[in-house]
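Numbering (our numbering), first residue to last: 1 to 1009.
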């Protein structure tokens, strides 16, 4: 519960006459009295700036309308000895290459199949979209087994009328023999989140982590191994499963790692009893030797420390070797240990040897790699020792050598007596990522031969340690290393810089590393491989190919989008213009598509907008142009976006669309007003927000430039906005190559509502507190004629009761919402806060007893319908709004004002507290008010009003619905479509809604019947 601070006791001082005066000058009734041209009215309202505006917990908000190997390889190296081809171990990956086709899983686009058989001519053969988060996939005999780690479902309960959100893992068998018609032929849901998987023969082993709140999960966190028969993809079925409870006292649980041979699976992860000095792992052994998939629980062995990746466990020639460190990652006082176990069978493992590593100082174990009878371990604090371990006598593991170096190593790949490593070094000025080459021919004296830095000031890899080997691609036959990375390059001492993503090329020989060029990627780079003498760079957004004849300067040859980022879209004629930007590479882009197919991935034409961003903007937040306000008129699009280098400026660009295949910049300029004017016009006062910060009248744009975010309290305790001139910024775009800007001052006031447009008249309203009574104010309707943008005309302000909600120029009528401050004594604060839904304050009579009686103060509201003349207005009708009804949002259509409302505190009979109140009367001349409770609004919000309908965006599940208010006697609410993701913005093209879904592209929803 929110109370008024005692500091504002003066806020409650109000003369009785003001409290009882009501809404001065207002009367109930029809169109009687003098005409608006000669009506001697003086409307006085409660001052919304004079209230404390602490809305409490129910207050309203302001909302405006791969791998090592040869060049053609893709995927991870198999584990274990491949002595039984039918029992070969196969690892999954997010890409597969086979028979001139690339199969790519994207978290935004699902599965894409791409023809790469024709050099430099990529073509999309087919796509399969799914609602889950892709994990990895297998490709076997024309079937893709796609695994999703976060498969979400919204299940509707007809009895309760409510949706429940369920999340699981899922395996789908997809027939890709005809990529143009990918068909789902089998599927299986698994509780929890996928940790890892393997296919051995015709059995898929899936390891999932189940917390105690997921769909189908147990009552406590556990790790489950499930064997699935996948020989018949249409009939995926469970063969067996084993679960291991996680005894974490805090109930968090931890995902476990897996090491697999043809006969055994070792499963282990972090185990913690809640103390700083205890941290170990139990390695569970599972017998998977049965070709049919039966799981036999084997023995378990205790590692001395934590197992945090698969690379810490390895079975070799009948011996299990383990390197781990006791304790927790924030307490590294204990020394890592090397353990060996004799493996007689899955049911019998016997401790064989143990060696404790000697460290130069307390450090944390970072990575491990086994290679035959050798092991390598990396620990790190600020520097990064490499330890070499001789396992030729498994009964007596021996620490032989140590090499100290800066940074730390994330992953290692052995190459005989050489070791290639991938890691981090944030202290390096040459780049925070590195690839290192070590000479380990003499285990007693390992040496670092070369280290190459790259990746900018802050770098990272997309994969965790269990999967990084699938991205760290070593092409032995080409002598080249490919490293997908992303990062941030800081360019000055203020932390400004730019994001980057790409594939770093590094050449290697036995003794050298040579840094080559970087192939840029759009989106976070995930995989790279070489095919037909071309480098392929794969991200979640696109596949790009590069000519690497000169590896120092890769040249992009072609690219194919897997997914399209759409942050905004607008239709103009037979075209749709889309705004797109890539966070990873700060690459804003404008795309042009046909209005007949606005959701297509590949546009007709596109324009790189990087040139629009000044150097200083690129250095700080170049992707900010993705949030540009987008408008279109005729054959031109207009962008308005903030200047992050200087918030007192705004950027403008006009784009020529006359040649859709080659859109170009017609003009650009910097405008001398604050960027905040583009997006924000809210007030921390009681005024109900309506309108927008930018409106369009043909080739003219008008921006509301007001500053009311900072407030002060006067000597009477009344809250007043800091003085600031408010202007309208008028942009004349009739000559696209030479836009003209003019600034028009609005009448002085304490605050201003958003902008509305009626033909070529811009409307807003402002209020002025009464000098003799700061708790009351006069509101004025402001009209600005922009029919001649070279000479905008501010018409005479008209005194009206309350702030503007809607205006009808044809009938010369306005609908406003008026405000009245009231106060009265209540027995306690609960009685006060149950009385009003918004803008409520309570002051106890006894300052030491906030549970006792006190003074309640609140703001009452009423709708007022007016006839508006050139200088005066006449009241036609009024309708009060219940005190316990709050208004969160207002959107205006044609003779329809849609108010997103909620009822304070409890509602009877389990009715929904959320609803839409529709007001009408601009045409008929009398107010009609209808409210429809809508339970779905607990997980949705209105986004756009069009005519007599309101579009509502849902987020559980993501959807678009329509409230039809064409017949006020029968409001109807209908979900038109479920969507792939949450809606960023919605724009209209006739009876179609263009839904911008960010990384999930654009989806079109038919709003017709």
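Using N, Cα and C, we set each Cβ at its ideal position, and we do this for glycine too.
Fair warning: this is a prediction, and the values are worked out from it, not measured in the lab.
Query, Result
"Distance CB(residue 143)-CB(residue 173) smaller than 8 Å", "yes"
"Nearest residue (CA-CA) to residue 346, options 296, 889, 394, 321", "296"
"Nearest candidate by alpha-carbon position, reference residue 280, set 605, 675, 780, 271", "271"
"Spatial neighbours of residue 438 in its chain, beta-carbon cut-off 6 Å, leaving aside the 5 residues before and after", "419, 446, 448"
"Length of the line joining the Cα atoms of residue 167 and residue 971", "34 Å"
"Reduced DSSP category for residue 739 - H, G, I as helix; E, B as strand; rest coil", "coil"
"Collapsed DSSP secondary structure at residue 600 in the structure displayed", "coil"
"For residue 742, the nearest candidate out of 753, 752, 735, 730 (CA to CA)", "730"
"Nearest-angstrom Cα separation, counted from residue 766 out to residue 518", "56 Å"
"Cβ pair residue 836, residue 883 closer than 8 Å", "yes"
"Sequence-distant residues of the same chain with beta carbon closer than 7 Å to residue 921, five excluded per side", "815, 865, 877, 927, 928"
"Closest residue to residue 391 among 747, 267, 319 (Cα-Cα distance)", "319"
"Entirely enclosed beta strand (DSSP E) segments - the region 145-213, minimum 3 residues", "162-175, 183-190, 193-200, 203-210"
"Run of the alpha helix (DSSP H) containing residue 831, from where it starts to where it stops", "829-833"
"Bridge-paired residues (DSSP) for residue 982", "In the DSSP output, where bridge partners are listed per residue, residue 982 has none listed."
"Whole-number beta carbon distance between residue 809 and residue 758, since they are thought to touch under 8 Å", "4 Å"
"Identity of the residues DSSP links to residue 325 by a beta bridge", "306"
"Short Cβ contact (8 Å threshold) for residue 803 with residue 840", "no"
"Through-space distance from residue 42 to residue 992, alpha-carbon basis", "45 Å"
"Cross-strand partners of residue 913 (DSSP beta bridge)", "Bridge partners of residue 913: none, in fact."
"Other residues of its chain near residue 1004: CB distance less than 8 Å, five sequence neighbours each side excluded", "598, 599, 992, 993, 994, 995"
"DSSP beta-bridge partners of residue 450", "437"
"Residues sharing a beta bridge with residue 537, DSSP", "528, 544"
"Span of the beta strand (DSSP E) around residue 460", "458-460"
"Presumed contact (8 Å Cβ cut-off) between residue 657 and residue 592, rounded CB distance", "6 Å"
"Which of helix, strand or coil DSSP assigns to residue 396", "coil"
"Cβ separation of residue 706 and residue 726, assumed to be a contact under 8 Å, to the nearest whole Å", "4 Å"
"Spatial distance of residue 886 from residue 47 (CA atoms)", "18 Å"
"Opening and closing residue of the beta strand (DSSP E) in which residue 904 lies", "Neither: residue 904 is in no beta strand (DSSP E) and is coded neither H nor E."
"Contact check, residue 704 vs residue 755, beta carbons under 8 Å", "yes"
"Enclosing beta strand (DSSP E) for residue 705 [first to last residue]", "700-705"
"Helix, strand or coil at residue 366 [DSSP, three-state]", "strand"
"Cα-Cα separation, residue 763 to residue 783", "5 Å"
"Short Cβ contact (8 Å threshold) for residue 945 with residue 985", "no"
"Residue from 990, 989, 979, 931 with nearest C-alpha to residue 967", "931"
"Residue 979 versus residue 130: straight-line alpha-carbon distance, rounded", "11 Å"
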